[in-house]
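All residue numbers in the sequence shown are consecutive under this note's numbering, ending with 371. Don't be surprised by glycine CBs; every beta carbon is placed ideally from N, CA and C.
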Amino acid sequence: MHSFSNNTKAMIFGLGAVFLWSTVATAFSLSLKSLSPTQLLLIACAVSLIFLLALLGYKGQLNQLKHHAKQSWKASLFYGVINPFLYYLILLQAYDLLPAQEAQAINYTWAIMLSFMAVPILKQRLTLADYIAAASCYFGVLYISTRGEITTLAFSNLVGVGFALLSTIIWAIYWLLNTKDARPNLIGLTLNFAFALPIILIFAAATGELTNWQPEGIWGAVYIGLFEMGVSFVLWNRALKLTSNASQVANLIFLAPLLSIVLLSQLANEPILTSTLIGLSCILLGLFVQNWSKRKSSQK
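This is how it looks when you write it as structure tokens:
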């Protein structure tokens with residue numbers, strides 16, 4: 072890759088991350104047939120932590136990790152409870168109750184939720200484009216969750232939709248609070264997982280989830296921990312560091328839900344619903360409007 076420019080390398084790393092993210096809905100869907108959301112989270116978190124510790128060891132940053140663990144254990148515990156513990160537990164509940172294509176499409180509205188949560192947390196103002204984007208996105212959510220029966224408001228699974236939307240609120244809060252986190256990115260993420268793992272273990276024990284493991288789902292959970300929570304983060308971070316145009320890399324994310332639906336139909340035998348395609352189009356349109364507006368305002 073020495074002959075490639077930094078921007079080309081950034082696009083390659085970005086596409087790698089997006090491809091991995093697009094496989095996650097399929098991995099969730101297949102693994103949740105054998106494991107409960109808590110069991111899946113426990114394995115994935117442990118695998119991700121091992122990967123992150125190995126990466127820090129490779130970079131020679133384990134002493135730095137120890138320093139930050141002592142200095143910022145309260146922050147690590149606080150962020151770890153939000154993500155991975157609460158965020159993934161709630162997201163996986165949504166995937167357990169809904170077809171994966173619906174859960175992942177609704178989950179993509181977190182960027183819109185971010186704009187609205189930034190008002191009380193960061194004292195930011197909403198623009199007209201934010202309202203237009205939100206209207207488009209949440210119309211898409213409504214279309215997906217009623218499977219096109221908008222006038223009757225007959226939700227296919229209201230609890231599942233509720234979990235999917237709640238996950239976007241938690242993710243948005245996590246990212247907004249993260250802007251105030253002084254810890255280095257990789258070290259912060261590793262500490263979050265390190266402090267969350269015992270909490271997930273205690274929760275699994277308290278809810279009787281440490282027994283009745285079905286081995287079929289374990290490899291899927293290992294894959295999620297390694298690639299969704301580990302490798303993809305490293306690739307995405309590398310892409311953003313190398314590029315001179317962050318929005319160009321950020322736009323790659325639009326490919327993930329479309330590729331994900333194709334993989335779900337091919338690997339998880341989940342038929343593609345017309346309502347998902349229409350609703351997802353509305354969500355992606357809303358996200359495009361929001362991105363376009365932010366880019367225009369940053370150029371002024």
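Between the alpha carbons of I203 and T223 lies a gap of roughly 24 Å. Residues of the same chain with a CB within less than 6 Å of the CB of L237, apart from the 5 flanking positions on each side, are I161 in chain order. Cβ contact annotation for I349 (same chain, cutoff 6 Å, sequence separation greater than five): Y214, in chain order.
Ranked by Cα distance from L91, the options F274, Q132, L323, A206 are led by L323. When the alpha-carbon of L113 is set against those of W246, M300, K251, the nearest one is in M300. Judged by beta-carbon spacing, I270 lies within the 9 Å limit of F156, meaning their Cβ atoms are closer than that value.
Around the Cβ of I221, a 10 Å sphere holds fewer than 16 other Cβ atoms; the residue is exposed. For Y245, the secondary structure class from DSSP, reduced to helix, strand or coil, is helix.
Residue environment analysis places G231 among the buried positions, since at least 16 neighbouring C-beta atoms fall within 10 angstroms of its C-beta. The residue from L199, T250, S207, N256 with its alpha-carbon nearest to that of G357 is S207.
Annotation: N256 to K194 spans about 24 Å, alpha carbon to alpha carbon. When N178, Q110, V152, Y158 are compared, the shortest CA-CA separation from P328 is found for N178. A distance below 7 Å between beta-carbons, with the five flanking residues on each side excluded, links A88 to the following residues of its chain, in chain order: S303, L306, W307, A310. Going by DSSP, D201 is part of the alpha helix (DSSP H) stretching over 199–216. Rounded to the nearest whole angstrom, the C-alpha separation of N78 and N316 is 8 Å. Straight across, the Cα-Cα distance linking A235 with Q132 is about 36 Å. For A88, the enclosing alpha helix (DSSP H) covers residues 77–102.
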